[in-house]
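K.L.:
So the sequence shown is numbered by my numbering: it starts at 16 and just counts up by one.
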Amino acid sequence: MSIKSFFTLSASATLVAGMSLFVATIPTEMPQSLKVDALENEEEHEHRSIEGAIRSVYSMRLNEVTGTIEPEWVEEAIVQADAMRLTRRANKPLKWEEMGPDNVGGRIRAFLIHRDSGNIWFAGGVSGGLFRS
Numbered sequence: 016m017s018i019k020s021f022f023t024l025s026a027s028a029t030l031v032a033g034m035s036l037f038v039a040t041i042p043t044e045m046p047q048s049l050k051v052d053a054l055e056n057e058e059e060h061e062h063r064s065i066e067g068a069i070r071s072v073y074s075m076r077l078n079e080v081t082g083t084i085e086p087e088w089v090e091e092a093i094v095q096a097d098a099m100r101l102t103r104r105a106n107k108p109l110k111w112e113e114m115g116p117d118n119v120g121g122r123i124r125a126f127l128i129h130r131d132s133g134n135i136w137f138a139g140g141v142s143g144g145l146f147r148s
C-alpha cells in the first residue's frame, strides 16, 4: 500500500467519523420554548391577517359619506334573506355576484409577439388562460 493511498484512506475514514459525530450531535426536536414562540407567532399572524381581511370587507360595505352602515340597508338585507329562504329550491340555478379582485390571475408567465404581425400579442396567465390582443 503506497503512502498516497494510505493518506486518502485515512482522510476518508476521518471524514466519515467526523460527519457521523456531527450528525449525532444535531438535536432532532425543536426545544419546547421555541415551539411555544413559533406557535404564538403563527397564531398572532393569523389573527392579524384575518382581522385585516374582515376590516377590509366591512369597510367596502360602509357608506362613503358617513362611514357607517345605514339601517335601511340592514332592513333591506333582512328582507332579501327572508325572500331567499322562501324561494329556495334545490334545482334553481345559482346566481353569483363577483366581489373582486377584478384582475383574476394578475400575473403573466409568458409573453409572445406574433412573428408576422407586431399587432398580435399573446399572454399566458399564471392561473391559466391564454389571452390574445
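Idealized CB from N, CA, C, for every residue including glycine.
Bear in mind the structure is a predicted one, so any value in this text is a computation, not a measurement.
Measure the beta-carbon distance from ASN151 to GLU85 and round it to whole angstroms, keeping in mind my assumption that it falls under 8 Å.
P.N.:
There is no way to answer for residue 151, as the model of the chain reaches only from 16 to 148.
K.L.:
What does DSSP give as the partner residues of ARG147 in its beta bridges?
P.N.:
For this step, residue 147 is matched to residue 132 along the sequence shown. Bridge partners of ARG147: PHE137.
K.L.:
By Cβ distance below 6 Å, which residues in the same chain neighbour LEU150 in space, the five residues on each side in sequence not counted?
P.N.:
Because the chain is modelled from 16 through 148, residue 150 falls outside the range shown and cannot be assessed.
K.L.:
In its own chain, which residues sit with a C-beta less than 6 Å from the C-beta of GLY139, not counting the 5 before and 5 after it?
P.N.:
Residue 139 sits at position 124 when you count from the first residue of the sequence shown. If we look at GLY139 and ignore the five residues flanking it on each side, its Cβ neighbours are ARG124, ALA125 and LEU145.
K.L.:
Please work out which residues of its chain come closer than 6 Å, Cβ to Cβ, to ARG147, disregarding the five sequence neighbours upstream and downstream, and give them in chain order.
P.N.:
Within the sequence shown, residue 147 is the residue found at index 132, counting from 1. Take ARG147, set aside five residues on each side of it, and the residues of its chain with a beta-carbon closer than 6 Å to its own are PHE137, in chain order.
K.L.:
Between which two residues does the beta strand (DSSP E) harbouring LEU127 extend?
P.N.:
For the purposes of this step, residue 127 is taken as residue 112 along the sequence shown, with counting starting at 1. Counting along the chain, the beta strand (DSSP E) containing LEU127 begins and ends at 123 to 128.
K.L.:
Do you know offhand how far LYS110's Cα is from MET99's?
P.N.:
Within the sequence shown, residue 110 is the residue found at index 95, counting from 1. Within the sequence shown, residue 99 is the residue found at index 84, counting from 1. So the alpha carbons of these two residues sit roughly 12 Å apart.
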